[in-house]
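Since the structure comes first, as structure tokens, the remarks are kept for the end.
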Amino acid sequence: ARSLFQRALRLMPQEKKLWLEYFKFELLYVELIQKRQAVLDRTKLEMNDNEEDAILQGKIVEIVFQNAQSTIENDPVFLCSFIQILYEFSQFSFAESFINQIYSILKEKYSSNALAQSLIAQRPLINERKMLDEAAKKDQDV
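Residue numbers for the sequence shown follow my numbering, so the first one is 8 and each next one is one higher.
Written out as structure tokens, the structure reads:
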């Protein structure tokens, strides 16, 4: 599947939806590796330890984001789409720092863009909504 995404991106590098789905695909792969490690004994996985550690730290996800950002420039909404996807995968240890990194890019690169500043200003509201959703989910579980 990864090679299909990469091939499609070589053919259509400006296709935003493709970049976002590839980003989500890599996050799903991290989730798969985490689940696999939870099921299997960690000591049995020593063979590919370094490779899996890089995957679990979100290195591939970060590379996909950097390539997307360098290919599709001057689009703060596109960057915010990555943030929305990362909120869906907030269980990853790297997600929050990655979200902070994207907001920093928005602040630095788009400081004069009204839309980008609006998105930055809405961040506390997004965080509050996320906390409310988590609280509602916990109430349903009880």
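Just so you know, even glycine gets a beta-carbon here, dropped at the ideal spot from N, CA and C. The structure presented is a predicted model; accordingly, all values stated were derived computationally and were not measured.
**Euclidean distance between Cα positions of residue 21 and residue 13** = 13 Å
**Asked** Would you report the Cα separation of residue 122 and residue 47, rounded to the nearest angstrom?
**Response** 46 Å
**Request:** Give the DSSP-derived three-state secondary structure of residue 1 in the structure shown.
**Result:** No information on residue 1 is available, as it lies outside the stretch 8 to 149 that the chain covers here.
**Residues of its chain near residue 110, where Cβ-Cβ distance is below 8 Å and the 5 sequence neighbours each way are ignored** = 90, 127, 130
**Request:** Alpha carbon to alpha carbon, how far is residue 39 from residue 10? Give it in angstroms, no decimals.
**Result:** 18 Å
**Request:** Compare the C-alpha of residue 94 against each of 68, 106, 139 and name the closest.
**Result:** 106
**Message:** Under DSSP, the alpha helix (DSSP H) around residue 22 begins and ends at which residues?
**Reply:** Run containing residue 22: none; DSSP gives neither H nor E here.
**Item:** Where residue 113 falls, given that 16 or more other Cβ within 10 Å makes a residue buried
**Value:** buried
**Request:** Give the range of the alpha helix (DSSP H) segment to which residue 74 is assigned.
**Result:** 66-78
**Message:** Taking 8 Å as the limit between beta carbons, can you name the residues of its chain near residue 92, skipping five residues before and five after?
**Reply:** 27, 30, 31, 34
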